[in-house]
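Take 1089 as the starting number for the sequence shown in my numbering and just add one per residue.
Beta carbons: idealized from backbone N, C-alpha and C, even for Gly.
Just below is one structure, and these are the notes that go with it.
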Amino acid sequence: MTRRDGLKGALGAAALATLAACGGGDDDKGSGNGASSGASGGDVVANGTEPQNPLVPTNTNEVGGGRLLDSLWAGLVFYKADGTPENDLADSIETTDAQNYTIKIKSGQKFSDGSAVTAKSFVDAWNYGALGTNAQLSSYFFEPIAGYPEVQADPPTAQTMSGLKVVDDTTFTVALLQPESDFPLRLGYSAFYPLPDTAYTDIKAYGENPVGNGPYKLKETGAWQHNVRIDFVKNDGYDGPRKAQNDSLAFVFYETYDAAYSDLQSGNLDVLDNIPSSALATYQDDLGDGAVNQPAAIFQSFCIPEGLAGFGGEEGKLRRQAFSYAFDRAQICKTIFNDTRTPAKDFSSPVIAGYSETVEGNEVLSLDAAKAKQLWEQANAIAPWNGSTFTIAYNVDGDHQAWVDAVTAAIRQVLGIQAEGKPYPTFAQIRTEITNRTISGAFRTGWQADYPGLYNFLAPIYATGAGSNDGDYTNPAFDELLKKASGTTDQDAANKILQQAQTILFADLPVIPLWYSNASGGFDKGAKNVQFGWNSVPLYYQITKS
């Protein structure tokens, strides 16, 4: 899942107007090492997961690392709890044609090491992220910028994108290859964060002890204890709209959500962003006013890679459709998740503008055992099933076993083949195999939106060559509709095109849609001002301790 609630937030032209107008607009529980410079806001402890990679903004596209980046960095804009964009470092983002932008940042901004944040800090970071030889996971986000094809060529024919120009210390311009209706809305995503000059000397070492410009900074060199925890303290040099109200913030990397929930109940954890399935039936009674259950921009699925034996071409389409018809999403949402999930109707989320329950082809998301068997036999007529066991890989620290067991049991019963889950101990381990294309079967996937727009649920995951296209899906007709939508400046019209693009996804099923996740979490009675955002992530900087 990248990073990646209830909103119908400012999109497209509305976002342009909003962003152009906005100005700048206790003890460390269970740890013993949460020092703070003051006692006013307390020391907050939250759950987390070990990041897949060193903490470099353009090379982090999963939630474990993403929440850390968002605490350590400030971008041009940020997203309020309902998903509405508001300026952070940006003083203004202006355009007259949705293709050429002038961006001014606030003067006097600094990284946590005291160095200046300038227009060049953004331009250099974006160019680093886009350059193909740097192999950054989020390079796809720079694709709209003029010069991107040249820096992505093999070998690159340019080292920097021609569409980025530094005007002065606080101003830079961005020229896009075509109008992009929601480009300003994207600028709160971590791929667009700035970097200090020191980062490029040894980017991997920098990622182990990153220097950002946000509400927090590392407590000290080596504050990231891999697979254990990471400790932040308030960055007094940040003076933006997300100024930390607490004194320190620690993320503890739990092996399971059951362990985290136990710590929450015993007072060793202040806020938990996901309730384990074992507690879903009781947590609202257990936690009382500390229980959270609200819609979020999270889409869950499982992916069957294009190159997996038996799943290529027309045969693969038929087998994917058979799997999708073979299990009952509504029953799983009720019996396993206690209605903290909603069965999928499309490839996005109900809290996103452009969501639709009536996209053509979405009947494939309903239970129909007879149809599933029929499609499976049609696939066998093309090429007999090879008899191997179908597996769905999942990470144990993410509490996925129950639904994987339910889905594979249904596949066994309906289709008469062997199917089972394949557990991985940690999210980082499964993501590494997925990224390296060494995983040997299907695998669970999910998408926590980077920014509140329908395009974000489609392009980064299913466009040919996209950074989060884990199954290597490609369809030129789908790509063409994405391009058409992104060049449509009227957001409602663009969303209609994106719904049309989803009809292609329902025919091909590059992933099997499952359900939309609610933000189901909780917080300790001593934690105050706890609010979960549009993407299910708590607004950590707001939390205080009594």
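Contact check, residue i vs residue j, beta carbons under 9 Å
i: F1594; j: V1447; result: yes
i: K1571; j: Q1333; result: no
i: S1612; j: L1252; result: The identity of residue 1612 in the sequence shown is Asp, whereas the question assumes Ser. Taking 9 Å as the Cβ cut-off, D1612 and L1252 do not qualify as a contacting pair.
i: L1225; j: N1301; result: no
i: Y1628; j: D1596; result: no
i: N1623; j: Q1536; result: yes
i: Q1601; j: Q1409; result: Sequence check: residue 1601 is Pro here, not Gln. Not a contact, by the Cβ cut-off of 9 Å.
i: V1340; j: R1317; result: yes
i: Y1345; j: I1363; result: yes
i: L1368; j: F1425; result: yes
i: P1303; j: Y1277; result: no
i: L1360; j: A1498; result: no
i: F1390; j: F1545; result: no
i: L1542; j: N1583; result: yes
i: E1138; j: N1315; result: yes
i: G1182; j: G1575; result: With the sequence shown as reference, residue 1182 is identified as Glu, and Gly is not the correct amino acid for it. No, the pair does not count as a contact, with Cβ atoms beyond the cut-off.
i: T1479; j: S1528; result: yes
Spatial distance of residue i from residue j (CA atoms)
i: A1441; j: D1578; result: 13 Å
i: G1217; j: S1444; result: 33 Å
i: P1626; j: W1473; result: 45 Å
i: M1249; j: E1508; result: 46 Å
i: F1566; j: V1321; result: 45 Å
i: G1614; j: D1179; result: 36 Å
i: P1142; j: N1297; result: 8 Å
i: P1282; j: F1210; result: 4 Å
i: G1355; j: I1631; result: 16 Å
i: P1513; j: P1598; result: 25 Å
i: G1328; j: D1201; result: 17 Å
i: D1256; j: I1191; result: 11 Å
i: L1264; j: F1229; result: 12 Å
i: D1487; j: E1308; result: 32 Å
i: P1564; j: S1634; result: 56 Å
i: Y1189; j: T1259; result: 11 Å
i: G1152; j: D1538; result: 13 Å
i: P1237; j: T1184; result: 25 Å
Burial state of residue i, where buried means 16 or more other Cβ atoms lie within 10 Å
i: Y1371; result: buried
i: G1395; result: exposed
i: G1126; result: For G1126, the predicted model reports a pLDDT of 39, less than 50, meaning its position is unreliable; a value from the coordinates is still stated below. It is exposed - the Cβ of G1126 has fewer than 16 other Cβ atoms within 10 Å.
i: S1605; result: buried
i: D1525; result: At residue 1525 the sequence reads Arg, which differs from the Asp that was named. Exposed is the call here.
i: D1270; result: buried
i: D1116; result: Reliability of the predicted coordinates at D1116 is poor, the pLDDT of 28 falling under 50, and the value obtained from them is presented with this limitation in mind. When all chains shown are included, D1116 counts as buried.
i: D1373; result: exposed
i: T1428; result: buried
i: A1547; result: buried
Contact with chain D by residue i, beta-carbon distance below 9 Å
i: A1498; result: Included in the structure is just one protein chain, with no chain D present.
Check: So, do the segment 1241-1260 and the segment 1151-1161 have three or more beta carbon pairs nearer to each other than 8 Å?
Finding: no
Checklist line | 4-residue-minimum alpha helix (DSSP H) runs that sit fully inside the segment 1393-1437, ordered along the chain | finding: 1401-1413, 1417-1423
Check: Taking contact to mean at least 3 C-beta pairs separated by less than 8 Å, is the segment 1190-1198 in contact with the segment 1287-1294?
Finding: no
Margin query: Across the segment 1291-1309 and the segment 1137-1150, are there enough close Cβ pairs to call them in contact, namely three or more that are closer than 8 Å?
Written below: yes
Notebook entry, point to check: Mind pulling the alpha helix (DSSP H) runs of 4 or more residues that sit fully within the segment 1313-1347?
Noted result: none
Notebook entry, point to check: What runs of the beta strand (DSSP E), each 3 residues or longer, lie entirely inside the segment 1187-1212?
Noted result: 1188-1193
Item checked: alpha helix (DSSP H) runs wholly inside the segment 1537-1577, at least 4 long, in chain order -> 1547-1550, 1564-1574
Note to self: Three or more C-beta pairs under 8 Å: does that hold for the segment 1398-1416 against the segment 1578-1592?
What the structure shows: No contact exists between the segment 1398-1416 and the segment 1578-1592.
Margin query: In chain order, what are the residue ranges of uninterrupted beta strand (DSSP E) at least 3 long that sit wholly in the segment 1464-1513?
Written below: 1478-1483, 1507-1512
Next item on the list: Taking only runs that begin and end inside the segment 1149-1190, name each unbroken alpha helix (DSSP H) of 4 or more residues, in chain order.
Entry: 1151-1160
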